[in-house]
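Step one of this worksheet: look at the structure below.
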Amino acid sequence: MFCRKLPKYLVTLARSYHRTGSKQSLQASIAKVPDNLVKALAGIVGDKNVSTAMAVREQHGRDESYHDCAPPEVVAFAESVEHVSEVLKLCNDAEVPLIPFGSGTGLEGGVNAIRGGVCLDVSKMTNIISVHPEDFDCTVECGVTRNTLNNYLRDTGLWFPIDPGADASLCGMCATSASGTNAVRYGTMRENVMNLEVVLADGRVINTAGKDRRTKKTSAGYNLTNLFVGSEGTLGIITKATLRLHGIPEDTISAVCNFQDVQSAVDTTVQVLQCGIQIARIEFLDEVSVDACNKYSKLDMKVAPSLFLEFTGSPNSLKDQTQLVGDLVKMNNGSDFRWASDIEERNHLWKARHDILYACMALRPGCKPYSTDVCVPISNLPEVIVRSKEEIQKAGVVGPIVGHVGDGNFHVFFPVDQSNPEEVKVVSEVARKMAVLALEFNGTCTGEHGIGMGKRKLLEQEIGEDGLDVMRQIKATFDPKGILNPGKVFF
Ligand SMILES: Cc1cc2c(cc1C)N(C[C@H](O)[C@H](O)[C@H](O)COP(=O)(O)OP(=O)(O)OC[C@H]1O[C@@H](n3cnc4c(N)ncnc43)[C@H](O)[C@@H]1O)c1[nH]c(=O)[nH]c(=O)c1N2
Ligand SMILES: CCCCC(=O)C(=O)O
Ligand SMILES: [Mn+2]
Numbered sequence: 216m217f218c219r220k221l222p223k224y225l226v227t228l229a230r231s232y233h234r235t236g237s238k239q240s241l242q243a244s245i246a247k248v249p250d251n252l253v254k255a256l257a258g259i260v261g262d263k264n265v266s267t268a269m270a271v272r273e274q275h276g277r278d279e280s281y282h283d284c285a286p287p288e289v290v291a292f293a294e295s296v297e298h299v300s301e302v303l304k305l306c307n308d309a310e311v312p313l314i315p316f317g318s319g320t321g322l323e324g325g326v327n328a329i330r331g332g333v334c335l336d337v338s339k340m341t342n343i344i345s346v347h348p349e350d351f352d353c354t355v356e357c358g359v360t361r362n363t364l365n366n367y368l369r370d371t372g373l374w375f376p377i378d379p380g381a382d383a384s385l386c387g388m389c390a391t392s393a394s395g396t397n398a399v400r401y402g403t404m405r406e407n408v409m410n411l412e413v414v415l416a417d418g419r420v421i422n423t424a425g426k427d428r429r430t431k432k433t434s435a436g437y438n439l440t441n442l443f444v445g446s447e448g449t450l451g452i453i454t455k456a457t458l459r460l461h462g463i464p465e466d467t468i469s470a471v472c473n474f475q476d477v478q479s480a481v482d483t484t485v486q487v488l489q490c491g492i493q494i495a496r497i498e499f500l501d502e503v504s505v506d507a508c509n510k511y512s513k514l515d516m517k518v519a520p521s522l523f524l525e526f527t528g529s530p531n532s533l534k535d536q537t538q539l540v541g542d543l544v545k546m547n548n549g550s551d552f553r554w555a556s557d558i559e560e561r562n563h564l565w566k567a568r569h570d571i572l573y574a575c576m577a578l579r580p581g582c583k584p585y586s587t588d589v590c591v592p593i594s595n596l597p598e599v600i601v602r603s604k605e606e607i608q609k610a611g612v613v614g615p616i617v618g619h620v621g622d623g624n625f626h627v628f629f630p631v632d633q634s635n636p637e638e639v640k641v642v643s644e645v646a647r648k649m650a651v652l653a654l655e656f657n658g659t660c661t662g663e664h665g666i667g668m669g670k671r672k673l674l675e676q677e678i679g680e681d682g683l684d685v686m687r688q689i690k691a692t693f694d695p696k697g698i699l700n701p702g703k704v705f706f
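Here it is in structure tokens:
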């Protein structure tokens, strides 16, 4: 069991766990941050940037998910890469856990300090370092959020299209390999990051593609950039990202339409993609989600399985695309095709889509979101959604379905009452069955939210024992003392 040299706090943790095998013992053995370490932190980042106040710790001990708050013992705010490097050296030498915090919008408990330690909040590092409009790229510090970047870019005619709905930090988005409604057209963070500045556990600073490199292509050695994309704060702290920018489309039209059943809506999506239509967004909402959206965002859509679509391009190409998609919708017995070309109407529609999490939560006030995130090859999507819906109905729980269907990715948002362990158990079991079903259909348990705490068991099923071993070896190379966000991705 203890084959590798473990840090002190992990030895205590593992021993007490194996003595009693209980969850309580895990919590009891959380590492204490010594007073002198708190003082040393203040020496690095300044007194104003260190806090042990309970309110600040609690605010940093959870994200937007259902996972119980696990506050760090101290929160430090970094203002520069030098701060990040010094703090890491300090924690590494003292063998104290360190959890990076971007903007706390994650959905898998990534920032929860389940083994205590120091939370390093990087949201004060907000410089937009460079924009090269002629090269379609920019470089930002880790605390810059996607809305801040897009507001800054407005006059250049460019934008960064990856859109997880929440106004997340761009390096937090790198850390979770985020995507969202625009991925069908622009890809995910993986396709849109060219270079990263990363501080390693021992304080060394590296640039994953080499300092100041910002090329569209590279064949130079291993792809370190994409090793850090999706690493969830377990391999290093991302302090800068060089990102690809895209031209703002000339014209945009949005539309909604509905179908008699889930299968027809998803079949339409598959056919749209198979026809090679360069759709900008195509989102599925089942009747439960539409109902929630109507109530929360004051829409008046027919309560039926629906698609939200967006087309972009020149006026001529828009005409061709919309005509073809209109025909496909009709072929699948879809109806109520409603266009929204006016910017206010479009914004209202997409705001409603992005607020779906809150709309679903409003179905059961006081509950927290338990979200699934499976992704399968597009041809398997209709069957996987239909069978997932059957599981939800069999379990008798509220489970609206929303999907980035163009990517084969969809979510069920179960609003769960955390104070009811039986309910949490039932929901977890449906979520697990859905993930296993996706794996059987050549899919993944997470298309965009990450593994965090909730999907660690599923990762092993997905990657296999040997694959997971290689991941552990990579972790040990980058973080031999295991201080970086311990307990995330792996147990
Ligand atoms: C309403 C709503 C809707 C959505 C979503 C959230 C919410 C609240 N999300 C999820 C979320 O926005 C996404 O996971 C973000 O990428 C997280 O960015 P934060 O800055 O908030 O990271 P946050 O602070 O939550 O941290 C997330 C993880 O990354 C690590 N981390 C953060 N900053 C780091 C850094 N600089 N270096 C290294 N590690 C770092 C943390 O330690 C943690 O493990 C989502 N996502 C998605 O992909 N598609 C979607 O459709 C949506 N939709
Ligand atoms: C439980 C929230 C999921 C958010 C999300 O990923 C989306 O709205 O697409
Ligand atoms: Mn999503």
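End of the sequence shown = 706 in my numbering, gap-free, step of one. Glycine included, every Cβ here is placed at the ideal spot set by N, Cα and C. Predicted model only: the values in this text are computed from it and were never measured.
**Asked** Below 8 Å between beta carbons: does that hold for L533 and F526?
**Response** Taking a C-beta distance under 8 Å as the contact criterion, L533 and F526 qualify as a contact pair.
**Asked** What is the rounded straight-line gap between the Cα of L373 and the Cα of D250?
**Response** 48 Å
**Request:** Helix, strand or coil for N422, going by three-state DSSP, please let me know.
**Result:** Residue state, collapsed to three classes: strand.
**Prompt:** Is the number of C-beta pairs between the stretch 611-623 and the stretch 487-498 that are closer than 8 Å three or more?
**Reply:** Because the criterion of three Cβ pairs below 8 Å is met, the stretch 611-623 and the stretch 487-498 touch.
**Request:** Can you give me the start and stop residues for the beta strand (DSSP E) that V481 sits inside?
**Result:** Per DSSP, V481 lies in no beta strand (DSSP E) segment; the continuous alpha helix (DSSP H) that holds it begins and ends at 477-489.
**Message:** Can you look up E680 in the DSSP assignment and give me helix, strand or coil?
**Reply:** helix
**Prompt:** Is the beta carbon of Q493 sitting closer than 8 Å to the one on R400?
**Reply:** Using a Cβ distance threshold of 8 Å, Q493 and R400 count as a contacting pair.
**Request:** State yes or no: is the C-beta of R639 within less than 8 Å of the C-beta of V612?
**Result:** For the record, residue 639 in the displayed sequence is Val; it is not Arg. No, they are not a contact pair.
**Request:** With DSSP as the reference, label E637 as helix, strand or coil.
**Result:** helix
**Message:** Would you call the stretch 363-378 in contact with the stretch 335-354, where contact means no fewer than 3 C-beta pairs closer than 8 Å?
**Reply:** yes
**Assigned exposure category for T457 - 16 Cβ within 10 Å defines buried** = buried
**Message:** If contact is defined by three or more beta carbon pairs under 8 Å, each pair taking one atom from either stretch, is the stretch 386-406 in contact with the stretch 278-287?
**Reply:** Result no; under three Cβ-Cβ pairs closer than 8 Å.
**Message:** I'd like to know if the stretch 293-309 and the stretch 317-331 are in contact, where contact means that at least 3 CB-CB pairs between them fall below 8 Å.
**Reply:** Fewer than three beta-carbon pairs drawn from the stretch 293-309 and the stretch 317-331 are found closer than 8 Å, and the two stretches are therefore not classed as touching.
**Prompt:** What number of angstroms, rounded off, separates the C-alpha of N473 from the C-alpha of T537?
**Reply:** 16 Å
**Message:** Please state the DSSP three-state secondary structure of F693.
**Reply:** helix
**Message:** Measuring alpha carbon to alpha carbon, tell me which residue in S550, I468, L578 is nearest E559.
**Reply:** I468
**Request:** Flag G395 as yes when its Cβ comes closer than 7 Å to any non-hydrogen atom of ligand 4, and as no otherwise.
**Result:** As for ligand 4, it is missing from this structure, which binds only ligand 1, ligand 2 and ligand 3.
**Request:** Given a cut-off of 8 Å, decide if F705 and A416 are closer than it, judged by their beta-carbon atoms.
**Result:** no
**Item:** Outcome for V311 when other beta-carbon atoms lying within 10 angstroms are tallied against a minimum of 16
**Value:** So V311 counts as buried.
**Prompt:** Could you give the residue range of the beta strand (DSSP E) that holds T467?
**Reply:** 466-473
**Request:** Name the one or two DSSP bridge partners that N624 has.
**Result:** C590, H619
**Item:** Three-way DSSP call (helix, strand, coil) for V326 in this model
**Value:** coil
**Message:** Can you list, in chain order, the residues of its chain with a C-beta nearer than 7 Å to that of G358? Leave out the 5 residues immediately preceding and following it.
**Reply:** V337, S338, K339, M340, T341, S384
**Message:** If distances are taken between C-alpha atoms only, which option among L305, D283, L335, E294 comes closest to T267?
**Reply:** L335
**Request:** Report buried or exposed for C199, applying the criterion of at least 16 other Cβ atoms within 10 angstroms of its Cβ.
**Result:** Any question about residue 199 goes unanswered here, given that the chain covers just 216 to 706.
**Among G402, T403, G425, A398, nearest to L411 - alpha-carbon criterion** = Selection G402, T403, G425, A398 evaluated against L411 yields G425 as nearest (Cα-Cα).
**Request:** On a CA-only basis, which of T484, A328, T661 is nearest C590? Give me that one, please.
**Result:** T661
**Asked** Candidates E606, D632, V617: which alpha carbon is nearest V645's?
**Response** Taking each of E606, D632, V617 in turn and checking the Cα distance to V645, the smallest one comes out for E606.
**Item:** Delimiting residues of the beta strand (DSSP E) encompassing G528
**Value:** That run of the beta strand (DSSP E) goes 521-528.
**Request:** Output the boundary residues of the beta strand (DSSP E) element that contains H347.
**Result:** 343-347
**Residue span of the beta strand (DSSP E) that contains D336, given as start and end** = 333-336
**Item:** Local conformation of C353 per DSSP, three classes
**Value:** strand
**Runs of beta strand (DSSP E) wholly within the stretch 244-326 (minimum 3 residues, chain order)** = Correct list: 289-292, 313-316.
**Request:** Taking N422 as the reference, give the member of P464, D535, V296 with the closest Cα.
**Result:** V296
**Prompt:** Using the C-alpha atoms, what's the distance from Q688 back to D681?
**Reply:** 11 Å
**Request:** Tell me whether E663 counts as near ligand 3, meaning its Cβ is closer than 7 Å to at least one heavy atom of that ligand.
**Result:** yes
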